[in-house]
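*Asks:*
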Amino acid sequence: MDWHVRRLLNRVSIALAAVATAALRHLFRHHSSSSAPPASPPARPPTPPVLPALATPQRSPLHVGARPARLAARLRLLGGSSRVLCLAAGAGQAVDALHVAGVGDVTGVDLVDFPPLVRRADPHNLPFFDDAFDLVLSDDPAALTGALFPSRFAAAVERTVRPGGAIALAVDRRLIVQ
């Protein structure tokens with residue numbers, strides 16, 4: 005009896021596998037009425053403007069207003085020996101711009117690895133020693149607003165900045181604090 009049951013189960017499983025394969029082939033060959041037709045290109049969001057310093061191969065130094073430049077010089081944040089951490093660095097444009105501006109040690113981190121400029125790290129638990137950086141910056145407003153635990157994110161950022169260092173985070177103007 006066991007032999008007959010085993011044989012029946014094998015035949016049923018083979019039949020179900022054949023039906024599943026046929027269904028998948030049908031789905032891949034025929035487009036759904038709810039999806040866009042294959043000839044139309046997908047809609048793309050508008051491209052954000054590119055900073056002139058990042059757009060050309062011959063990059064000029066970043067020009068900063070007099071007051072922020074004096075503040076950065078007084079705090080010794082953007083010199084050749086400063087250490088800067090770029091959070092939510094994306095593909096590394098800010099990291100590259102800081103290198104071009106003359107900052108010697110720039111580290112970029114993001115949730116996704118983008119070698120060679122950006123490495124993967126959890127922003128809630130940054131893998132750096134205490135007081136490791138002179139400046140922690142993020143030019144992406146989603147770094148703070150998209151954090152799952154903003155208080156842990158802020159604590160990790162504060163931990164990595166040296167005493168007398170600075171934190172510069174971009175925020176969305178429409179951010180509503182409750």
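Just so we're aligned, residue 5 is where the sequence shown starts under our numbering, counting upward by one.
Backbone N, C-alpha and C fix where the C-beta goes; we use that ideal spot for every residue, glycine too.
Going by DSSP, what residue range makes up the beta strand (DSSP E) through Pro119?
*Replies:* It is not in any beta strand (DSSP E) - Pro119 carries neither H nor E in the DSSP assignment.
*Asks:* Output needed for Asp117: all residues of its chain with C-beta closer than 7 Å, excluding positions within five of it in sequence on either side, in chain order.
*Replies:* Hits under 7 Å: Arg123, Arg124.
*Asks:* Considering Cα atoms alone, identify which of Ile18, Val175, Arg10 is closest to Pro145.
*Replies:* Taking only the C-alpha atoms, the option nearest Pro145 is Val175.
*Asks:* With DSSP as the reference, identify every bridge partner of Gly108, one or two as the case may be.
*Replies:* For Gly108, which the question treats as bridged, DSSP gives no partner whatsoever.
*Asks:* When the Cα of Asp143 is compared with those of Leu173, Leu20, Pro131, which residue comes out closest?
*Replies:* Among Leu173, Leu20, Pro131, the Cα nearest to that of Asp143 is on Leu173.
*Asks:* Measure how close the beta-carbons of Arg2 and Asp134 come, nearest whole angstrom, since I'm counting them as under 8 Å.
*Replies:* Shown here, the chain extends from 5 to 182; a query on residue 2 therefore has no answer.
*Asks:* Run the CB neighbour count on Phe137, radius 10 Å, all protein chains shown included, and call it buried at 16 or more, exposed below.
*Replies:* Buried, since its Cβ has 16 or more Cβ neighbours within 10 Å.
*Asks:* On the DSSP letters alone, give me the boundaries of the alpha helix (DSSP H) that Val161 sits inside.
*Replies:* Taken as a continuous stretch (DSSP letters only), the alpha helix (DSSP H) holding Val161 covers 154-164.
*Asks:* Taking the alpha helix (DSSP H) that Leu148 falls in, what are its first and last residues?
*Replies:* Segment 146-149, the alpha helix (DSSP H) holding Leu148.
*Asks:* Name the DSSP beta bridge partners of Phe132, please?
*Replies:* In DSSP, Phe132 forms no bridge with anything.
*Asks:* Give the straight-line distance between the Cα atoms of Ala113 and Leu28, rounded to the nearest whole angstrom.
*Replies:* Note on residue identity: the sequence assigns Val, not Ala, to residue 113. C-alpha separation (whole angstroms): 40 Å.
*Asks:* Just to confirm before moving on: does the CB-CB distance between Ala160 and Leu139 stay below 7 Å?
*Replies:* Not a contact, by the Cβ cut-off of 7 Å.
*Asks:* Arg87 bridges to which residues according to DSSP?
*Replies:* Paired residue(s): Asp109.
*Asks:* Using only alpha-carbon positions, find the residue among Gly168, Gln97, His30, Asp126 that is nearest to Phe153.
*Replies:* When each option's Cα is compared against that of Phe153, the closest is Asp126.
*Asks:* Taking the beta carbon of Thr25 as the centre, do at least 16 other beta carbons fall within 10 Å, making it buried, or is it exposed?
*Replies:* The residue in question, Thr25, is exposed, as its Cβ has fewer than 16 Cβ neighbours within 10 Å.
*Asks:* Using a Cβ-Cβ cutoff of less than 7 Å, which residues in the same chain neighbour His202 once the five nearest sequence positions on both sides are dropped?
*Replies:* Because the chain here runs from 5 to 182, residue 202 falls outside it and cannot be looked at.
*Asks:* Out of curiosity, what's the CA-to-CA distance linking Ala170 and Leu148?
*Replies:* Using only the alpha carbons, I get a separation of about 16 Å.
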